[in-house]
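Going down the list, the sequences are from chains U and C.
Numbered by the numbering used here, the letters in the first sequence go through residues 2 to 491 in order.
Numbered by the numbering used here, the letters in the second sequence go through residues 2 to 491 in order.
Cβ atoms here follow ideal geometry from the backbone N, Cα and C, with glycine treated the same way.
Note that this is a predicted model, so its numbers are computed, not measured.
Protein chains: 2
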Amino acid sequence: MSKSIPTREDNYSEWYNEIVKRADLAEHSPVRGCMVIKPYGFAIWEKMQKALDDMFKETGHQNAYFPLFVPKSFLELEEQHAEGFAKECAVVTHYRLKSNPDGKGLIVDENSRLEEPLVVRPTSEAVIWHSYKNWIQSWRDLPVLINQWSNVVRWEMRTRLFLRTSEFLWQEGHTAHETEAEALEETGKMLGVYAEFVEQWMAVPVLQGVKTASERFAGAIDTYCIEALMQDGKALQAGTSHFLGQNFARSFDVKFVNKENELDYPWATSWGVSTRLIGALIMAHSDDKGLVLPPKLAPIQVVIVPIFRTDEDLAKINEKVEPLLAELKAKGIPYKYDDDDKYKPGYKFAEYELKGVPVRMAIGLRDLENGTIELARRDELSKQTLPFDGIVGHIESLLAEIQQNLYDRALSFREANTFSVDTWDAFKARIEQGGFVLAHWDGTDETEEKIKQETKATIRLIPLNSIEMAGKCVYSGKESAKRVVFARAY
Amino acid sequence: MSKSIPTREDNYSEWYNEIVKRADLAEHSPVRGCMVIKPYGFAIWEKMQKALDDMFKETGHQNAYFPLFVPKSFLELEEQHAEGFAKECAVVTHYRLKSNPDGKGLIVDENSRLEEPLVVRPTSEAVIWHSYKNWIQSWRDLPVLINQWSNVVRWEMRTRLFLRTSEFLWQEGHTAHETEAEALEETGKMLGVYAEFVEQWMAVPVLQGVKTASERFAGAIDTYCIEALMQDGKALQAGTSHFLGQNFARSFDVKFVNKENELDYPWATSWGVSTRLIGALIMAHSDDKGLVLPPKLAPIQVVIVPIFRTDEDLAKINEKVEPLLAELKAKGIPYKYDDDDKYKPGYKFAEYELKGVPVRMAIGLRDLENGTIELARRDELSKQTLPFDGIVGHIESLLAEIQQNLYDRALSFREANTFSVDTWDAFKARIEQGGFVLAHWDGTDETEEKIKQETKATIRLIPLNSIEMAGKCVYSGKESAKRVVFARAY
């Protein structure tokens, strides 16, 4: 806590790194590209998992678990998919180490070479569709609605905690359906679940849309996505839901007898969100004092700090506070009563500010006399003294208010940073300053690629349900049916 | 459902495989040694995880996540540990595939060879203690009480679903303490948590004790364990808690300033249980009709099957049953109302019997007239007709009764299959027939090894807190301070 955190304005990237470090969320591991998720960061992930898992189950999905390893030959079966992931695969080639005959330590035992190399799953379509071949024979077996919580590995040279690491945690849904319409409905439904989670739980507004061909998941017909805007004006893809058509079914030879008694290929979807969401959460709300957490995902929603000098003082405060703690517990509000005497109140206040605890209360002898308690809210960094009686009721509504306030703030920010531009000069100038830029595009890969090369901006998505308003491509001047959303992105 | 299941008596091993398959718990994957945990099996694992995770948190532990990969050089640091795991390590040597220049498909890109091979974690002491070096500087940083839920890989040539697979799911606790006494207390506490979980939730009685040197975890000073008896008379190690002394702290150079302001090495423990527990659960309670589940771990505790011919009949039954379902839901009793018309009641009954649903109810038109409902309990395979009114109250107490009955039954079985023997002939004869055999042992590795070679029996544990009663070693005739527990084991 010695040095102060760099401000967002001074050095956004360093600010982010320092928040992750000082709020004790995660750290780099000496294992190339892998991170250690520390208890406080993991507690946030557990809250996210619980909320998402409940939503998946409510929409009829079940969890299962498939192997970590994907034989090379499985990965090869869907060509696009193989090509998309080949360059970032951790490959297991041996299954044994042995003592080094020339000295100390261990070496790879060359006699343990695998006949076929195994890839550590970068995603599980291949291994799961191989299983589905046995699971799906008849329309009665459909739909198959499976989700898996797991770790995956995609080798990365440049990593950033939560945002881009070689190993990350995620969930991956893999479904199979009788008809194209059902699979499309599922793709949309799960995109909706993600949007609801990110907006209602993370308090981060998102745009929904479909990716262009160049940004599509390897092996998908269409990739739908939600995109959020970070405080530095860069976009972050927060979740994707893929319509896979019959590609994987064909590649893995999965067929079923349909209601007309004919053989058909099932239609597939897959969808996922990852620990990357923690990065989004940090960047959407936090400030120069530290992490800011929406109450619904805060491991501790309320912290109470007693202000005391002697054990006698503390005993008096404890007595007063006890029924308050009992009430918080009864209402299921996660709290911490920090009566540790190793640290001073000022130190504790700074620590909980860093950790983004939404509501902080302090109570001292003066408060006991006055029947008051001091309450500080993290989102506004404001303080007030309130009557002690009835404080839990106040906290309950305050938590809901903070949740809403964070969302509203993020939404205002996004609205203030969303622009329509119509000329190439305006486009370049705007992209340079960040934000979502709505512009016409001629629909070609070439134009998309040139814009990316010249401005580092990518098409984040083609909006769903937007009104078609014809115009001219901002780059080529050719015809365009509607605006798409550009941004620089994480 | 065509063929019947082999009986336990005819072919215990095949019976086990068929239960796993027909109850839809798991299947072999084409990925060598790895299994697919199917939704019903995974739902049991989720129940286990939830119960254990709550117990870990109540005892002050927090979850975190460490990298999947362990650099070879980390593994080497604790010699015993390295030696213990070297022979079963999946080794990542490359980080990229590329298109095969000679034809179709992908090959390992030799230009992507890693400078240092990475081992897929067989357990995480090495990678975690490497992190603890940064986490622990002062006695104020202790204790560190961390748990991780993860997958691990230990290469196996012969595999059995849940019992022995190359990849499995588990939790691993890793703690660091100021003093030896505290670490020993933690080791014992977590052994107690495991015993409580296995007895209270899985309804399987366990013996608690300490392993002999030859059965110790690689790198531990002492390995404590719980052992359960399966229906074929073989023992199954259900959980282990290791006292690691200062071994890992020394190997990874983790030091802290103690309260006397001196540098010291922290004292460590680690402890784990895995998806193997599902194997134990199956083998402890199931019968020749299929799986038998203790209610506390059953994904569905109660199934209700309406008996109907016409939609009109079903509508009448639905109306009657609706408040019953609402009451089950309100009480948090997981139930399924199976009004599917694709299958007949008899088929459904057999299916739920196979899947071990503790309580099955059936209700038809006759029941509506009589105000009754038919209720069958899976543990006893018994049926009775009961008044419909007040049935939920009855179910609640019945579920508790079934939980207790399974435990009592397993305990009686264990008691009937635990023997004290005093001669080598009696020992050999007894071991041949299965069960726990309490016998004197002279305390030497040689005797232990010879007994194992001659009878395939191992010392499962040296009991804790048993009364010391001197005797003569059953094999060597030498002095022995107390009996130890022998058995053939999974």
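Grab the span of the alpha helix (DSSP H) containing residue i for me, first residue to last.
i, result
"residue 232(C)", "Neither: residue 232(C) is in no alpha helix (DSSP H) and is coded neither H nor E."
"residue 62(U)", "Note, residue 62(U): premise wrong, no alpha helix (DSSP H); not H, not E."
"residue 456(C)", "446 to 456"
"residue 132(C)", "126 to 136"
"residue 99(U)", "Element bounds for residue 99(U): not the alpha helix (DSSP H) but the beta strand (DSSP E), 98 to 100."
"residue 494(C)", "Within the shown structure, residues of chain C are numbered from 2 to 491, placing residue 494(C) beyond reach of any answer."
"residue 430(U)", "425 to 434"
"residue 23(C)", "13 to 23"
Buried or exposed for residue i, please, with buried defined as at least 16 other CB atoms from any protein chain shown within 10 angstroms of its CB.
i, result
"residue 388(U)", "exposed"
"residue 152(C)", "buried"
"residue 45(C)", "buried"
"residue 105(U)", "exposed"
"residue 102(C)", "exposed"
"residue 498(C)", "With chain C covering only 2 through 491, there is no way to say anything about residue 498(C)."
"residue 203(U)", "buried"
"residue 331(U)", "exposed"
"residue 423(C)", "exposed"
"residue 212(C)", "buried"
"residue 266(C)", "buried"
"residue 8(U)", "exposed"
Using a Cβ cut-off of 8 Å (strictly closer), state whether residue i contacts chain U.
i, result
"residue 412(C)", "no"
"residue 160(C)", "no"
"residue 64(C)", "yes"
"residue 132(C)", "yes"
"residue 251(C)", "no"
"residue 141(C)", "yes"
How big is the Cα-Cα spacing for residue i and residue j?
i, j, result
"residue 303(U)", "residue 34(U)", "35 Å"
"residue 88(U)", "residue 119(C)", "18 Å"
"residue 471(C)", "residue 435(C)", "25 Å"
"residue 219(C)", "residue 454(C)", "22 Å"
"residue 445(C)", "residue 456(C)", "17 Å"
"residue 10(C)", "residue 357(C)", "20 Å"
"residue 124(U)", "residue 131(U)", "13 Å"
"residue 425(C)", "residue 237(C)", "24 Å"
"residue 479(U)", "residue 148(U)", "43 Å"
"residue 221(C)", "residue 214(C)", "9 Å"
"residue 197(C)", "residue 39(C)", "27 Å"
"residue 140(C)", "residue 6(U)", "27 Å"
"residue 82(U)", "residue 107(C)", "12 Å"
"residue 74(C)", "residue 109(U)", "12 Å"
"residue 160(U)", "residue 271(C)", "30 Å"
"residue 168(U)", "residue 154(U)", "4 Å"
"residue 239(C)", "residue 165(C)", "13 Å"
"residue 473(U)", "residue 361(U)", "53 Å"
"residue 2(U)", "residue 390(U)", "Because residue 2(U) sits at a pLDDT of 47, beneath the cut-off of 50, its placement in the model cannot be relied upon, and the point is left open."
"residue 310(U)", "residue 368(U)", "14 Å"
"residue 401(U)", "residue 301(C)", "35 Å"
"residue 72(C)", "residue 58(U)", "38 Å"
Return the first residue and the last residue of the beta strand (DSSP E) that residue i is part of.
i, result
"residue 374(C)", "373 to 378"
"residue 439(U)", "437 to 441"
"residue 37(C)", "36 to 38"
"residue 150(C)", "145 to 154"
"residue 169(U)", "168 to 178"
"residue 460(C)", "459 to 464"
I want to see whether chain C comes within less than 8 Å of residue i, judged by CB atoms only; does it?
i, result
"residue 32(U)", "yes"
"residue 260(U)", "no"
"residue 106(U)", "yes"
"residue 207(U)", "no"
"residue 96(U)", "yes"
Is residue i near the ligand GTP, with its Cβ less than 7 Å from a heavy atom?
i, result
"residue 77(C)", "Ligands in the displayed structure: none, and consequently the ligand GTP is not present."
(message) Threshold first: 4 residues or longer. Then list the alpha helix (DSSP H) segments lying entirely within the region 302 to 379 of chain U, N to C.
(response) 312 to 331, 346 to 355, 366 to 371
(request) Tell me the start and end of each unbroken beta strand (DSSP E) in the region 244 to 300 of chain C that is at least 3 residues and wholly inside, in chain order. (result) 268 to 275
(message) Threshold first: 3 residues or longer. Then list the beta strand (DSSP E) segments lying entirely within the region 381 to 413 of chain U, N to C.
(response) 383 to 388
(request) Enumerate, from N- to C-terminal direction, the unbroken beta strand (DSSP E) stretches of 3 or more residues contained entirely within the region 183 to 232 of chain C. (result) Entirely contained in the region 183 to 232 of chain C, the beta strand (DSSP E) runs reaching 3 residues are, in chain order, 208 to 211, 223 to 230.
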